Each structure stands twice: as structure tokens, then as C-alpha cells.
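Read through the structure below, which is laid out as C-alpha cells, and then see the notes.
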Amino acid sequence: MSSIKKINLLVLVFFLVLSYLVSFNCNHYSDVMVFYGFANNQEVNINLENSAQVTRIHVTPGQVVSEGDVLLEVARSSIAVAQSDIHHDISKLKSQYHIWESELKNSLRALKAQKTEKRNALQSAISKLESEMKINAKLIKGIESIEQVKDHNGTNPRQIQLEGLNEELRLSMLTYDIDIRKIEKELYNPENPIKIQIAKLGSNLEFMNEEVKSLNITAPNDGIVGNIICKVGENIPAFTPYITIYEQVPTHVRAYVLENLIPNIDIGDSIKVQSVSHSELSISGVVTGMGSRIIEIPARLRKNPNYSTYGREIEIRIPATNPFLQNEKVILKSINNLHSTHVSLVNLNKR
21 MSSIKKINLL
31 VLVFFLVLSY
41 LVSFNCNHYS
51 DVMVFYGFAN
61 NQEVNINLEN
71 SAQVTRIHVT
81 PGQVVSEGDV
91 LLEVARSSIA
101 VAQSDIHHDI
111 SKLKSQYHIW
121 ESELKNSLRA
131 LKAQKTEKRN
141 ALQSAISKLE
151 SEMKINAKLI
161 KGIESIEQVK
171 DHNGTNPRQI
181 QLEGLNEELR
191 LSMLTYDIDI
201 RKIEKELYNP
211 ENPIKIQIAK
221 LGSNLEFMNE
231 EVKSLNITAP
241 NDGIVGNIIC
251 KVGENIPAFT
261 PYITIYEQVP
271 THVRAYVLEN
281 LIPNIDIGDS
291 IKVQSVSHSE
301 LSISGVVTGM
311 GSRIIEIPAR
321 LRKNPNYSTY
331 GREIEIRIPA
341 TNPFLQNEKV
351 ILKSINNLHS
361 THVSLVNLNK
371 R
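Each residue of the sequence shown is one higher than the last, beginning at 21 in our numbering.
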């Protein structure tokens, strides 16, 4: 009886301990869900809104690039033809303008020369006549008995002639000045029709030049060159990718949740992301997307790669200051009471 009592006591103790352990585990882990995924870089496909021909490739796959670096040079034949036509039209108009300008400047120079010649001739005649009148005045003054010759109105003919020459000088200079100002106004008019056409075509050409610059494909952000899908000389249709760029560090985790666990996770949930091979490295992330259908889980993420399992794909955003490698396998834990997305890197320097 004594041995039976001991056995019964041991069995009772065993069940009590087992019940305690089960209760402890349930209380400790009831709010934790574990699943697996891959740390991924976000890849960007780069394309253009218009079709274009690749003229030069500046990068190679795997090359590190900075934001704004030129990756490819492309050209559009329609722009090249339009640029050529505009250059031709501008050259033609400039030639017309230079001929017109040259003719006006020649006319202006000739008119100014005529003005100078006319002024000199009249001033010379006036000076000569004034000189003769002074000499005659002195002679007449010395011979008082000689009466001065006057016309029937009592006016000195030489004085009339002098006044006529001065009036001719004034009127001729006035006429020349009017003609000169007219030519200068036409010559230096800022609203000259030819100049306006040249300026308009120049603006169109600048716009096209800016379009050509925008056709050079540049890196949208710092990253690494992925696939170069095009070749030099190839004509690429509109919205067709030329090249892909991905970030240098993973910023997303692609994970798969088993069918029976799907109801336990939702967008906005906080997730602890931990390296499988280095369990001391972890960081917090947030669920940002969930797939719309059930798919087969990749073999690398299955407990038994030989058996197919199915689940729902989810996307988790993690900070760029994370310790993971591209495509590194990670373990994810969804904890119901984890609401903070504060980054927590543990022993990062051990990596």
C-alpha cells in the first residue's frame, strides 16, 4: 500500500507540474504568432512617357549610383527633326535680318553723309557771302558819296540771299534729321517682326532642348543598378522599362502567413523581425500590405521543403537602418501588445 501511495503521489505531482507548465506556456505565448519571410530591397522600374532610342548606357548591373546620376542617354527622332527644322528657320530669318539691317545701315550712312555734305556746302556759301558783305560794308563806309544798292523795296539783295541760304540750311537739316530718325526707329525697333519670329523660334528650341535633357534617364535615388533591359540603338516603346534600380539596404520584408493564422494579423500590426542565422539581430516593422489570395509558400520558408504549404503573402516595412542582407531569411513575430515601431538593433556591431 505504501508503494502504491507513493506512485499515486508521484503521478499527482507530475500532473500538477505538467498543468503548471502548460498554463505558463499558454499565458506566455498566447499572444505571439511566428512566421517567416525574406528581407527585400524595393526595386524600381524606370521608363519614359514617350518612345525613344537608346544612344548610350553609362552603368552596369550591380553598380552603386547616387540620386541624379545619368544612367542612360536616349533620343527621340521626332525631336531631332524638329530641332533641325527650327535651326534652319532661325538661320534663314537671321540671314534675312542681316541683309535688311545692312541695307538700312547703308541708307543711314548715305543719308548722314548727304546731310554733312549739304550742311558743309551751305555753310561755306553762307560764310563766303557774309565775308563779301563785310568787305562791301567797309568799302561803302569809306566812300560816303556812293549810295548802297537796294531793290525797289529798299532791301539789300545780298542780305536777302543770306537769309535764303540760312533758311535752306535749316529746312534741309530738318528734312535730313526726320529721315534719319525714321530709319533709326525702324532699325532699332525692339518689335521688329523678324526679331519677334527669331525670338519665338528660339524659345521653342530651348523648350525642345529641355525635353532632350529630360530624356536622359537619371537615378531617382541612391541605390544599385539591377537589370539593364535595353541595348544601345534599340527603340523602346512608351512606358516600357529601360532599367531597374533597387535600394542598397532592404526596406521591406516579404513574408507568408499560414492559412490558419491569417485572421490573427492585419495591416498596421507591429512585427518583430529577427535574423534566423543571427538571433541577436532584430528590428521592429509594420505590416503595410496583404495579398488578395492564397498562394504556395516558397520552399525555403517551409518547415518541410518537400511538402507544399499555402498561405497569404504580406508586406512589412522596416527602417533603412536595419542589419539585414538582401534576401536574408528572417523570422517574424506578431505580438498583440507590441504597438511601438521604435527600432531596436541588438549587437549590430557583431555582424
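All C-beta atoms in this analysis are idealised placements derived from N, C-alpha and C, irrespective of residue type, glycine included. Here the structure is a predicted model, which means the values were calculated and not measured.
Worksheet item: Are the region 61 to 75 and the region 239 to 253 touching by the rule of at least three beta carbon pairs closer than 8 Å?
Response: Contact between the region 61 to 75 and the region 239 to 253 is present: 3 or more CB-CB pairs across the two stretches fall below 8 Å.
Discussion item. Only counting the same chain, and skipping five residues up and downstream in sequence, which positions put a Cβ closer than 6 Å to that of Leu131?
Written reply: Asp199, Ile200
Worksheet item: With which residues is Asn255 paired in a DSSP beta bridge?
Response: Gln73
Fill in: Nearest-angstrom Cα separation, counted from Thr238 out to Pro81
15 Å
Worksheet item: What residues in its chain sit with their C-beta under 6 Å from that of Glu254, if we drop five residues either side in the sequence?
Response: Within the same chain, Cβ atoms closer than 6 Å to the Cβ of Glu254 are found at Val74, the five residues on either side in sequence being excluded.
Worksheet item: Where Tyr262 and Gln268 are concerned, what is the direct C-alpha to C-alpha distance, given to the nearest angstrom?
Response: 20 Å
Fill in: Per-residue DSSP class, three states only, for Ile317
coil
Fill in: Beta-carbon gap between Leu149 and Glu188 smaller than 8 Å
Their beta carbons are not under 8 Å apart, which means Leu149 does not touch Glu188 by this criterion.
Worksheet item: Between which two residues does the alpha helix (DSSP H) containing Glu188 stretch?
Response: 177 to 207
Worksheet item: What's the gap between the Cα of Lys353 and the Cα of Gly88?
Response: Rounded to the nearest angstrom, the two C-alpha atoms are 38 Å apart.
Fill in: Inter-residue spacing [alpha-carbon to alpha-carbon] between Lys135 and Leu194
10 Å
Discussion item. Just to confirm my understanding: we take Thr264, look at its own chain, exclude 5 residues before and 5 after, and list those with CB closer than 6 Å. What are they?
Written reply: Glu63, Asn65, Gly246, Asn247
Practice prompt. Please go through the same chain and pick out, in chain order, the residues whose beta-carbon is closer than 6 Å to the beta-carbon of Phe344, but skip the five residues on each side of it.
Written response: Ala59, Pro270
Worksheet item: What separation, rounded to the nearest whole angstrom, lies between the Cα atoms of Asn347 and Pro339?
Response: Each residue's alpha carbon lies about 16 Å from the other.
Worksheet item: Contact check, Arg320 vs Lys349 under 8 Å by CB: the rounded distance?
Response: In this structure Arg320 touches Lys349 by the C-beta definition: roughly 7 Å separates them, less than 8 Å.
Discussion item. I'd like the span of the beta strand (DSSP E) that includes Thr264, first residue to last.
Written reply: 263 to 266
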